[in-house]
Each structure stands twice: as C-alpha cells, then as structure tokens.
Amino acid sequence: MQDANRITEQAPKFAADRMLVRLARWLRLMGADVVCDPALSGAALLRLARQEGRPLLTRDKRLRTAPDVFYIEPHLFRDQIREVMAYYPFDPYRFAFTRCSICNHLLKQVPRSAVARSIPPFVYAAHQNFALCEQCNRIHWSASHVERAMREIEALRPDRP
Ligand SMILES: [Zn+2]
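Note that the working numbering has the sequence shown beginning at 151, numbered continuously upward.
What follows is the structure, encoded as structure tokens:
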C-alpha cells in the first residue's frame, strides 16, 4: 500500500558514513542530497548530520540506537537502497539527474552543443540531455545506466502493488 503522506516534496537529505559510498552515489543519482566524506571521522560526520538535520545512514553497530541515525544492516547496496526507500520514501523520478553522483553538488543543465567537444562522439550521438557539475567539472548525461537504475529501483519499491 502506498503511503503518499510520507513521500517528501523535497529531495531528501542524508549523511552517509564511509562504509556506504556506493549507496550514497546511488541515492544522489536518484536526486537525494547526500553528504559522504570519507575524510570525516564518525563523530565529526554525526555532528555535521545533526547540525544540518540529516539522518545519518551508517553501518556502525555502535550507533544503531542513537537518535537521528538509520542503521543499515544489509551488505548489498540493492538491499541498502530498499531499506532507505522503505523508511524515507521519495520519488526518484522527480529528482533524478539533479545532483552530481560523485561530489553531491547540484548539476547545471547545459545545451548539447556546448559539450560536443568535451565528450566522446558516441556519447554525444546517443544522448540528448547533459548537465555540468561546476564543483568537480564532470559532465553528466542521462545515461542508460541511470534509466536502468530507475527500473531497478522501481522494482525495489516496497509500495509496489
Ligand atoms: Zn561533481
């Protein structure tokens, strides 16, 4: 059963510990705002998460009973996504492709013609929508792996009939 009241209107915000880098990248692909800095200690990350009102996603068992912490038991990232989506439901279609999966900065949509010289010709030929991360200077495109990810995520949604 779909619990529409819990589906957020805003892209959700999280902090994720260094054990969850892959999960963090997937959540960013889905549009979530995820702070994940392996250079931060666990205590520093928890402090930052609380300051910014971000639930901390962690695999650290010592934190499992702490408030504002979501302990992630599964090892496989697909199971991890399923758990996060079950507890913090949001619409990945609505927010996908808005955030850099590598550094979490917001993406800026750029005209296709503007990136022609910066990307491989086969990528240019195959895609229409491009975006630039002004933080790390990567060019992102709405690649087939994002679409595949969305299909997979759709299949994982716990509210699926
Ligand atoms: Zn970036």
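Even glycine gets a Cβ: it sits at the ideal position worked out from N, Cα and C.
In DSSP terms, what residue i is bridged to
| i | result |
| --- | --- |
| W291 | F280 |
| D183 | K163 |
Any non-hydrogen atom of ligand 1 closer than 7 Å to residue i Cβ
| i | result |
| --- | --- |
| H255 | yes |
| R178 | no |
| R301 | no |
| I269 | no |
| C186 | no |
| Q285 | yes |
| R288 | yes |
| I252 | yes |
Secondary structure of residue i, DSSP reduced to three states
| i | result |
| --- | --- |
| R267 | coil |
| Q201 | helix |
| F220 | strand |
| R147 | This structure leaves residue 147 out entirely; the chain is present only between 151 and 311. |
| L206 | strand |
| P329 | Residue numbering for the chain in the displayed model covers 151 to 311; residue 329 lies beyond these limits and cannot be assessed. |
| R175 | helix |
| R214 | coil |
| L195 | helix |
| A189 | coil |
Burial state of residue i, where buried means 16 or more other Cβ atoms lie within 10 Å
| i | result |
| --- | --- |
| D167 | buried |
| L282 | buried |
| N254 | buried |
| H225 | exposed |
| D183 | buried |
| T208 | buried |
Enclosing beta strand (DSSP E) for residue i [first to last residue]
| i | result |
| --- | --- |
| Q259 | L257 to V260 |
Residue i - containing alpha helix (DSSP H), residue span
| i | result |
| --- | --- |
| A236 | F227 to Y237 |
Check: residue i C-beta below 7 Å from any heavy atom of ligand 3
| i | result |
| --- | --- |
| N279 | You won't find ligand 3 in this model; what it holds is ligand 1. |
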